[in-house]
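Peer 1:
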Amino acid sequence: MRTASDAAEAVALLRDAPAGRVALVDASFVGHPHALRLGLTDPRFPAGAVPGAVTVQDPSRAALVRALESEAAAPAPGGD
323 MRTASDAAEA VALLRDAPAG RVALVDASFV GHPHALRLGL TDPRFPAGAV PGAVTVQDPS
383 RAALVRALES EAAAPAPGGD
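Structure (structure tokens):
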């Protein structure tokens, strides 16, 4: 498990992660761990999400990286 402080750091961690499934979970996630596991480990889909978490297998990893890069490039709320 690795912790990212923002979207840009999450991109770097995803790029360094070994091949296979990766998951991003909001640090403030308060759901039941079993529900989280069930929601994020279904092998039938290349990507999945539950409130506060997302997971992708290799075919969808590039799309997740692009989404995070877009988020990292967006201006901060309230910024000019």
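In terms of the numbering used here, the sequence shown is residues 323 to 402.
Where a beta carbon is used, it is the ideal one built from N, C-alpha and C, also for glycine.
1) Can we say the region 348 to 356 touches the region 378 to 389, given the rule of at least three CB pairs closer than 8 Å?
2) Under the three-state reduction of DSSP, which class applies to G370: helix, strand or coil?
3) Report the CB separation of A394 from A329 in whole angstroms; it is logged as a contact under 8 Å.
4) With burial defined as no fewer than 16 other Cβ atoms inside 10 Å of the residue's Cβ, what is the status of L360: buried or exposed?
5) Quick one: what's L377 bridged to in DSSP?
6) For V372 and R343, what's the separation of their Cα atoms in angstroms?
Peer 2: Well, looking at it:
1) No, the region 348 to 356 does not touch the region 378 to 389.
2) Strand, per DSSP.
3) Indeed, because the Cβ distance is near 4 Å, the residues count as touching under 8 Å.
4) Per the 10 Å Cβ criterion, exposed.
5) Correcting the residue identity first, residue 377 is Thr in this sequence and not Leu. Paired residue(s): A345, G370.
6) Between V372 and R343, the alpha-carbon positions lie close to 15 Å from each other.
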